[in-house]
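Engineer:
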Amino acid sequence: MKNLTLGRVLVVLALIALLIGTGVWAVEVWNASGNVDMGKHGWIALGLGTFFSLVIGCGLMALMFFSSRSGHDEAADPLRHRNEPPGNGV
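In this text, residue positions in the sequence shown follow our numbering: the first is 50, and each later residue adds one.
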């Protein structure tokens with residue numbers, strides 16, 4: 050709790066406000082489009098879009114975890130020197 054500075058509190062409050070605003074907007078849009086009928090092709094497109102979005106998201110997360118565990122991320126961060134003793138840094 051002692052690392053909670055004013056800037057962090059303001060960022061958290063701004064993010065909470067954005068989350069609430071997005072939720073209110075989503076409910077309003079959902080209720081406004083309640084009388085629209087979606088045909089068979091619309092449901093197929095919605096299902097395929099949801100499925101492939103989940104596949105791509107899960108695949109990218111798996112690649113991120115694999116890359117992190119295999120050490121490929123270390124070469125991409127030249128400013129981080131983990132094996133050097135303190136005082137020999139840049």
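By construction, the Cβ of each residue, glycine as well, lies at the ideal position given by its N, Cα and C atoms.
Secondary structure at Asn80, three-state DSSP: helix, strand or coil?
Structural biologist: Against the sequence shown, residue 80 aligns to sequence position 31. For Asn80, the secondary structure class from DSSP, reduced to helix, strand or coil, is helix.
Engineer: Could you tell me the alpha carbon to alpha carbon distance between Ser119 and Gly56, rounded to whole angstroms?
Structural biologist: On the sequence shown, position 70 is the one that residue 119 refers to. On the sequence shown, position 7 is the one that residue 56 refers to. Rounded to the nearest whole angstrom, the C-alpha separation of Ser119 and Gly56 is 36 Å.
Engineer: From which residue to which residue does the alpha helix (DSSP H) around Gly96 run?
Structural biologist: If you number the sequence shown from 1, residue 96 lands on position 47. Segment 89-119, the alpha helix (DSSP H) holding Gly96.
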